[in-house]
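Participant:
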Amino acid sequence: MQIKMLSKVSLIAVIAGSLAAVGVAPASADAMRERVFDKAQVALGLDPVDAQTSVAGLEIEHDGTSATAEFMDLSISVDALTPHSDTTRTEDGVRVMSLLQLGNSSAEFTVGLPDGADLERSGEGYLITSRVGDGKIVYGEIETPWAVDANGKSLKTSYSYADGVLTQEVDTEGAKFPVVADPKIRFGTSDGPGMYWNLWGHEAKTISAFALSVAGLTTAGGCVVAGKMPKAGYIIQGICSFVGVPTMKGIISSVSKIFKSTKISSAGCYQIKIVPRGNKFKKVNAKNCK
């Protein structure tokens, strides 16, 4: 783990009581702070040690305050605004943790997203998405939040998001301080890192019907020319602007082949992995397209 330097006096005031309760005699302020963050993760069955490898194509940069996950030309970042924080890299993302002192019940994080993307509520967390046609692209997610007190007790916690700032509220009634609160960013979904396109069946049918024309137009004039195409144009231009012409041609080919061999409902929602390009095209819950 990478540790942010803090003054010994400040740290002792914040966490010495917690460490004494668990019988730890830390040699330094950094060791004290690391022990608290490690203890919180272990209490939830999480590994407090940085993963030595990441899933293929995913790069993670992090320090004691912030973290950035990059996949190809796409980047998602989270920066803790509280004075005491730490990070732990996982195989598919990174945890950015904040230490709440006595009297504090919330932590704030700035969130950096790909151009055109936004956070969309999904359960207790958020999806990172962009709208394309009637469907959407999913880049990643901010997972369900967690918070743990100094005794390892899980606390009720929730998110709110506005103007690029993610706020995590924690119910600290009866909690033993300090409290560790955490959002985790994951690039991609549980199916792996990358960009996932969720589109309605009627969009898949439209694109498939125009597959040959789309391939020709993207080759001749790129995304702008393809975007002028009747019916399919607005969908093509939207997705093409994110993935580029070569990838767009591959996506059109994949969708067309799948459509010809699979029964597709116009009202159904379907998902295909577009970066890196995959061949799986599956039906998913309609909420994924809304």
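As numbered in mature numbering (1 follows the signal peptide of the UniProt record, and there is no 0), residues -20 to -1, 1 to 270 make up the sequence shown, in order.
Glycine is no exception: its CB is placed at the ideal position from the N, C-alpha and C atoms.
1) Where Ala155 and Asp59 are concerned, what is the direct C-alpha to C-alpha distance, given to the nearest angstrom?
2) Count Cβ pairs between the stretch 243 to 263 and the stretch 161 to 176 that sit closer than 8 Å; are there 3 or more?
3) List the DSSP bridge partners of Phe167.
4) May I have a chain-ordered list of the beta strand (DSSP E) segments no shorter than 3 residues that lie completely inside the stretch 135 to 183?
5) What residue from Val159, Asp114, Val91 has the CA that sits closest to Gly248's CA?
6) Would Ala130 pass as a contact of Leu80 if the rule is Cβ separation under 8 Å?
7) Within 10 Å of its beta-carbon, does Val22 have 16 or more other beta-carbons around it, so buried, or fewer, so exposed?
8) Could you have a look at Thr186 and say whether DSSP puts it in helix, strand or coil?
9) Quick check: the Cα distance between Asn265 and Leu82, rounded to an integer number of angstroms?
10) Measure how close the beta-carbons of Phe89 and Pro158 come, nearest whole angstrom, since I'm counting them as under 8 Å.
11) Answer with buried or exposed for Asp151, where buried requires no fewer than 16 other C-beta atoms within 10 angstroms of its C-beta.
12) Which whole-angstrom value describes the C-beta separation of Glu123 and Arg166, a residue pair presumed to lie in contact below a C-beta threshold of 8 Å?
13) Let's see if you can read the secondary structure: which residues bound the beta strand (DSSP E) around Ala87?
14) Would you decide whether Lys19 is buried or exposed? Buried here means 16 or more other CB atoms lie within 10 Å of its CB.
15) For Ser78, I'd like the list of residues in its chain whose CB is within less than 6 Å of its CB, leaving aside the five on either flank, ordered along the chain.
16) Starting from Ala127, follow the beta strand (DSSP E) in both directions and report where the run begins and ends.
17) Could you check the C-alpha separation between His182 and Ala36 for me, to the nearest Å?
18) Taking DSSP as the reference, what is the three-state secondary structure of Asn268?
19) By DSSP, does Ala11 sit in helix, in strand, or in coil?
20) Just the Cα atoms here: how many angstroms apart are Asp72 and Ser34?
21) Answer yes or no: does any C-beta atom of chain C fall closer than 8 Å to that of Gly144?
22) Regarding Asp30 and the ligand FAD, is the C-beta to nearest heavy atom distance less than 7 Å?
Facilitator: According to the structure data:
1) About 25 Å.
2) Two segments are said to touch when three or more pairs of C-beta atoms, one from each, lie closer than 8 Å; by this definition the stretch 243 to 263 touches the stretch 161 to 176.
3) Here Phe167 is bridged, per DSSP, to Gly120.
4) Positions of the beta strand (DSSP E) runs, each at least 3 residues long and wholly inside the stretch 135 to 183, are given as 137 to 142, 145 to 150, 159 to 162, 164 to 167, 175 to 180 in order along the chain.
5) Per the Cα distances, Asp114.
6) No, the pair does not count as a contact, with Cβ atoms beyond the cut-off.
7) When all chains shown are included, Val22 counts as exposed.
8) Secondary structure of Thr186 (DSSP, three-state): helix.
9) Taking the straight line from one Cα to the other gives about 42 Å.
10) Incorrect: roughly 17 Å between the Cβ atoms, too far for contact.
11) Asp151 should be labelled exposed.
12) Distance from Glu123 to Arg166 at the Cβ level is roughly 6 Å; contact confirmed, criterion being Cβ atoms closer than 8 Å.
13) Annotation: the continuous beta strand (DSSP E) that includes Ala87 extends over 86 to 92.
14) By the neighbour-count rule (16 or more Cβ atoms within 10 Å), Lys19 is buried.
15) These residues qualify, in order along the chain: Ala60, Thr62, Ser65, Ala87, Ala161.
16) Where Ala127 is concerned, the enclosing beta strand (DSSP E) stretches over 126 to 128.
17) Inter-residue distance for His182 and Ala36 is about 33 Å (C-alpha atoms, whole angstroms).
18) The three-state reading of DSSP puts Asn268 in helix, counting H, G and I together.
19) Looking at Ala11 - three-state DSSP - the assignment turns out to be helix.
20) Approximately 6 Å between the Cα atoms of the pair.
21) You won't find chain C in this structure, because it holds only one protein chain.
22) With respect to small molecules bound, the structure shown includes none, and the ligand FAD cannot be examined in it.
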